[in-house]
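Residue numbers for the sequence shown follow this note's numbering, beginning at 426 and rising by one.
Virtual Cβ for every residue (Gly too), placed ideally from N, Cα, C.
Being a predicted model, the structure only gives us computed values, none of them experimental.
Single-structure report; data block below.
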Amino acid sequence: MGVPDERYSRITDKNRREICLLRGFPCKWGKCAFCDYIDDNGRDQAAMERLNRQVLSRVTGEFGVLEVINSGSCFELPEGTLQDIAGVIEEKHIEKLFFESHWMYRGHLDEMRRRMGVPIVFKIGVETFDRDFREKALNKHADFQSPQEVAEYFDSPCLMVGIQGQTKEMIARDIEYLKKYFQLGTVNVYNNNTTPVRRDEELVRWFMEEYSWLREDPSVEVLYEITDFGVG
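Right, dumping it as structure tokens:
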């Protein structure tokens with residue numbers, strides 16, 4: 426996963442942008458029941474900054490939009506990398522930036538917006554707006570009560586569908602809230618990984634048929650594989 430070719434891509438379908446997968450320090454929470462992406466984190470700051478600089482050097486600015494992701498929140502990227510991102514924004518005339526952050530950092534988003542100097546679309550891994558399932562089954566550590574509360578801070582929720590224990594009603598409500606309260610969003614179809622959390626094949630089939638119209642919705646990106654953005 427350390428090869429830069431797997432860390433840079435161009436998204437030319439919805440919301441055209443360049444995307445970079447960078448390395449950061451360990452996720453401050455790091456206990457989500459379904460997540461094994463944290464293996465991409467590290468503690469060698471100099472090595473991470475070197476790799477990240479190599480990946481960022483591929484940004485051309487062709488769309489004027491850049492997304493930066495890492496296995497955690499943008500606030501866990503090394504200081505040198507944050508400086509490099511700001512430099513790329515200026516040098517390549519980036520006009521919009523996509524970042525992702527955990528709910529725990531909600532009080533720091535404006536500080537990051539000021540630092541980067543361009544509009545930032547902040548994504549958040551909501552997974553589901555069903556609080557019980559999010560906290561008890563997924564152990565997300567994001568105890569907001571409503572989609573409106575999330576929308577006060579974040580621009581684009583990431584939902585997850587097709588997990589054993591989820592229901593059609595939960596998913597229908599999540600999609601309804603996504604469309605009602607947010608201008609952008611991502612839906613991840615769950616794929617089994619090294620965690621005990623399992624995929625519900627019947628639920629996935631239902632979702633892909635019932636919500637096939639999302640493929641044509643310019644405001645929602647549906648990821649059927651975790652590498653659908655071309656990185657990872």
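For Gln591, the three-state secondary structure derived from DSSP is strand. In the three-state DSSP reduction, Thr506 falls in the helix class (H, G or I).
Beta-bridge partners assigned by DSSP to Glu525: Lys548. Secondary structure note for Leu476: it is in no beta strand (DSSP E), and the uninterrupted alpha helix (DSSP H) holding it is 470-481. The distance from the Cβ of Cys445 to that of Val493 is about 5 Å, consistent with a contact at the 8 Å cut-off. Taking C-beta atoms as the reference points, Pro503 and Met537 fail to come closer than 8 Å. Taking a 10 Å sphere around the C-beta of Gln508, we find fewer than 16 other C-beta atoms and assign the residue as exposed.
Here the alpha carbons of Thr506 and Val484 stand approximately 14 Å from one another. The straight-line gap separating the alpha-carbon atoms of Glu560 and Pro429 is approximately 35 Å. With a 10 Å radius around the Cβ and a threshold of 16 neighbouring Cβ atoms, Gln608 comes out exposed. In terms of Cα proximity to Val612, the closest of Ser637, Asn618, Thr619 is Ser637. If you check the CB distance, Ile588 and Val622 come in under 8 Å. The Cβ-Cβ distance between Val480 and Tyr530 does not fall below 8 Å. Per DSSP, reduced to three states, the secondary structure at Gly610 is strand.
In this structure, the beta-carbon distance from Glu501 to Cys457 does not fall below 8 Å.
DSSP, read as helix, strand or coil, puts Leu563 in coil. Looking at the backbone, the Cα of Phe450 and that of Gln470 are separated by about 8 Å. Collapsing the DSSP output to three states places Cys457 in coil.
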